[in-house]
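Worksheet for the structure shown next.
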Amino acid sequence: MVRVRFAPSPTGYLHVGGARTALFNYLFAKHHGGKFILRIEDTDIARSEGIFEENLMKTLQWLGLNWDEGPDIGGSFGPYRQSERLNIYEEYAKKLIALDKAYEVFAYPEEIEEIREKLLSKGLTPHYDRTIFEPFATKERKREYEEKGLKPAIYFSMPRKAFIHNDLVKGTVQFSEGSVGDFAILRSNGIPTYNFACVVDDMLMQITHVIRGDDHLPNTVKQLALYEAFSARPPEIGHVSTILGPDGKKLSKRHGATSIEELRERGYLPQAVVNYLALLGWSSPDAKEIMSMQEMIERFSIDRLSKNPAIFDPAKLSWMNGQYIRSTNEEELEQLLKPLLEKWNFIPRNQDWLRRVIIAVKDRLHTLEDFQHVADFFFVKPEIKTETEYQIKCAMLECADKLESLDRSDKNSIVEVFRSTIKKQKVSAKEFYSTLRYVLTGKHEGPELVDIVFLLGPNEVAARIKSILG
Numbered sequence: 001m002v003r004v005r006f007a008p009s010p011t012g013y014l015h016v017g018g019a020r021t022a023l024f025n026y027l028f029a030k031h032h033g034g035k036f037i038l039r040i041e042d043t044d045i046a047r048s049e050g051i052f053e054e055n056l057m058k059t060l061q062w063l064g065l066n067w068d069e070g071p072d073i074g075g076s077f078g079p080y081r082q083s084e085r086l087n088i089y090e091e092y093a094k095k096l097i098a099l100d101k102a103y104e105v106f107a108y109p110e111e112i113e114e115i116r117e118k119l120l121s122k123g124l125t126p127h128y129d130r131t132i133f134e135p136f137a138t139k140e141r142k143r144e145y146e147e148k149g150l151k152p153a154i155y156f157s158m159p160r161k162a163f164i165h166n167d168l169v170k171g172t173v174q175f176s177e178g179s180v181g182d183f184a185i186l187r188s189n190g191i192p193t194y195n196f197a198c199v200v201d202d203m204l205m206q207i208t209h210v211i212r213g214d215d216h217l218p219n220t221v222k223q224l225a226l227y228e229a230f231s232a233r234p235p236e237i238g239h240v241s242t243i244l245g246p247d248g249k250k251l252s253k254r255h256g257a258t259s260i261e262e263l264r265e266r267g268y269l270p271q272a273v274v275n276y277l278a279l280l281g282w283s284s285p286d287a288k289e290i291m292s293m294q295e296m297i298e299r300f301s302i303d304r305l306s307k308n309p310a311i312f313d314p315a316k317l318s319w320m321n322g323q324y325i326r327s328t329n330e331e332e333l334e335q336l337l338k339p340l341l342e343k344w345n346f347i348p349r350n351q352d353w354l355r356r357v358i359i360a361v362k363d364r365l366h367t368l369e370d371f372q373h374v375a376d377f378f379f380v381k382p383e384i385k386t387e388t389e390y391q392i393k394c395a396m397l398e399c400a401d402k403l404e405s406l407d408r409s410d411k412n413s414i415v416e417v418f419r420s421t422i423k424k425q426k427v428s429a430k431e432f433y434s435t436l437r438y439v440l441t442g443k444h445e446g447p448e449l450v451d452i453v454f455l456l457g458p459n460e461v462a463a464r465i466k467s468i469l470g
């Protein structure tokens with residue numbers, strides 16, 4: 001069975017790159033009828049926080065990426081937090097020592113840093129091996145460690161050989177002999193390093209495939225060596241392309257909202273975000289762009305992942321979000337808008353009226369947040385000043401009087417008031433309608449004018465005209 005994992009560190013909010021990685025793993029697992037596992041890599045004690053883990057889980061659920069095993073629901077291969085697996089890492093580090101593939105290092109951190117600086121000063125790459133650390137493994141130093149209650153760090157003895165990695169996305173990748181020296185796998189405080197914990201966890205959790213960002217490619221050689229040391233078969237690994245901003249530079253906050261939390265707060269729908277993320281480095285065989293989660297699951301394959309960097313285009317995301325808003329019914333949009341209406345202090349007259357307003361403006365929304373400036377005039381009288389020609393002003397005031405005296409306020413009656421006023425006052429229809437729109441909304445564009453008048457109501461329309469032109 002296919003088993004994949006998404007293994008974030010709870011040191012911040014989930015960003016676009018991490019969410020895309022989670023999505024690709026999820027789509028791959030579900031396409032093959034496999035399992036999607038959530039593992040929390042919280043060994044960075046100083047930066048890991050429970051609030052970030054909680055937010056991370058809520059964000060994944062908001063995106064619809066529900067896991068089959070994880071820290072909250074358990075599973076057959078737990079625990080699923082690395083901080084709860086420290087005894088496991090110690091056990092497997094000792095196994096490597098027993099195999100003479102790892103060794104204890106009794107040098108203090110400042111001594112290791114001094115070694116590093118000396119190597120750099122000689123123009124050498126700071127690679128370590130046993131011989132460098134042997135002078136520190138004296139009886140005196142070991143006794144000193146014991147008296148202070150300290151534990152030695154454990155380093156892996158990197159084989160002096162070349163490694164070949166057959167990447168699922170990038171193809172054949174070669175790591176030359178000596179490209180990496182010995183490296184720490186367990187710190188003196190018992191905390192594992194990333195590469196060691198990753199290998200032990202993937203091995204014990206029976207992970208079959210790893211899809212991750214290409215910033216992890218340099219880690220691969222260390223991980224392949226560790227799998228070999230444990231006589232274990234590594235999972236198949238694929239490294240997906242980097243995400244760049246529209247300017248061709250690595251995506252960062254200067255490109256706007258890059259965390260999923262920010263996108264959610266700005267009124268993007270989860271279906272749109274997921275759909276857009278899927279297209280950052282992957283394409284459907286039929287070139288379809290707007291797809292449901294199920295459609296993406298059915299179409300997804302690793303061989304359609306691109307080797308080239310993906311461009312995060314906020315304008316394309318907004319366009320796609322607008323498509324999803326248009327296809328969402330008014331009842332759902334009403335529920336989505338409710339907290340925003342409260343935030344903006346927009347008080348609807350009643351539920352039916354609000355849904356009619358939503359129908360009038362939904363085609364103009366790219367995000368839910370757009371509702372604030374597209375539909376504000378329905379809730380709040382705009383503060384405007386206008387200089388209007390005498391004849392147009394007369395036409396506006398006559399229109400106001402006619403609207404106030406209407407027996408029925410249906411759309412046909414409203415349109416007839418417009419036409420009769422224009423005809424009687426002999427004014428330009430274009431100028432009449434543009435002036436009326438501006439007087440009522442403070443804007444030069446928006447929903448159909450007849451919809452605006454109908455939803456505001458004849459009395460409110462007349463009041464706004466007279467307050468500005470009367």
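Heads up: the sequence shown begins at 1 in full-length UniProt numbering, then just goes up one per residue. Note that beta-carbon positions come from the ideal geometry of N, C-alpha and C, so glycine has one too.
Coil, strand or helix - residue i by DSSP
| i | result |
| --- | --- |
| L186 | strand |
| A46 | coil |
| T172 | strand |
| H209 | strand |
| S413 | helix |
| V105 | strand |
| A400 | helix |
| H255 | helix |
| D286 | coil |
| L244 | strand |
| R166 | According to the sequence as given, residue 166 is Asn; it is not Arg. In the structure shown, N166 sits in a strand (DSSP, three-state: E or B). |
| F230 | coil |
| R356 | helix |
| A197 | helix |
| K430 | helix |
| A153 | strand |
C-alpha distance - residue i paired with residue j, whole-angstrom precision
| i | j | result |
| --- | --- | --- |
| E387 | N459 | 23 Å |
| G322 | E236 | 38 Å |
| S318 | K424 | 45 Å |
| L337 | D370 | 11 Å |
| L186 | Y89 | 8 Å |
| K118 | F175 | 25 Å |
| K393 | Q271 | 48 Å |
| F346 | N25 | 41 Å |
| Y13 | Y438 | 42 Å |
| G248 | I260 | 21 Å |
| S252 | G17 | 10 Å |
| G238 | L168 | 4 Å |
| I191 | E289 | 44 Å |
| L469 | A463 | 10 Å |
| E91 | R364 | 60 Å |
| R266 | E342 | 15 Å |
| D42 | S9 | 6 Å |
| I115 | Y145 | 20 Å |
Outcome for residue i when other beta-carbon atoms lying within 10 angstroms are tallied against a minimum of 16
| i | result |
| --- | --- |
| L120 | exposed |
| K35 | buried |
| R85 | buried |
| T125 | exposed |
| G171 | exposed |
| A29 | buried |
| R47 | exposed |
| N66 | exposed |
| S241 | buried |
| W282 | buried |
| V380 | exposed |
| E54 | exposed |
| L99 | exposed |
| D286 | exposed |
| K402 | buried |
Reference residue i, options the options, closest by Cα
| i | options | result |
| --- | --- | --- |
| R39 | S301, S413, M205 | M205 |
| T131 | A400, E104, D352, D451 | E104 |
| R3 | R20, R81, S76 | S76 |
| Y276 | M57, Y324, E177 | Y324 |
| residue 485 | V461, D44, A7 | Since the first and last residues shown for the chain are 1 and 470, residue 485 lies out of range. |
| D182 | Q223, R212, P246 | Q223 |
| P218 | H165, Y227, L368, T208 | H165 |
| G149 | L263, G245, R141 | R141 |
| H15 | F378, H255, D72, I302 | H255 |
| N308 | D214, K316, N87, E265 | D214 |
| S434 | K426, T421, L449, V415 | L449 |
| P159 | W353, E177, N189, E262 | E177 |
| I112 | A153, G78, R81, A93 | A153 |
Chain B contact for residue i (CB, 8 Å cutoff)
| i | result |
| --- | --- |
| Y276 | Among the protein chains of the structure shown there is no chain B, as only one such chain exists. |
(message) Restricting to runs no shorter than 4 residues, where is the alpha helix (DSSP H) found entirely within the stretch 111 to 149?
(response) 130 to 133, 139 to 148
(request) Please list the segments of the alpha helix (DSSP H) lying wholly inside the stretch 298 to 348, counting only runs of 4 or more residues, in order along the chain. (result) 314 to 326, 330 to 344
(request) At 3 residues or longer, and completely inside the stretch 10 to 83: list those beta strand (DSSP E) runs for me, N to C. (result) 35 to 38
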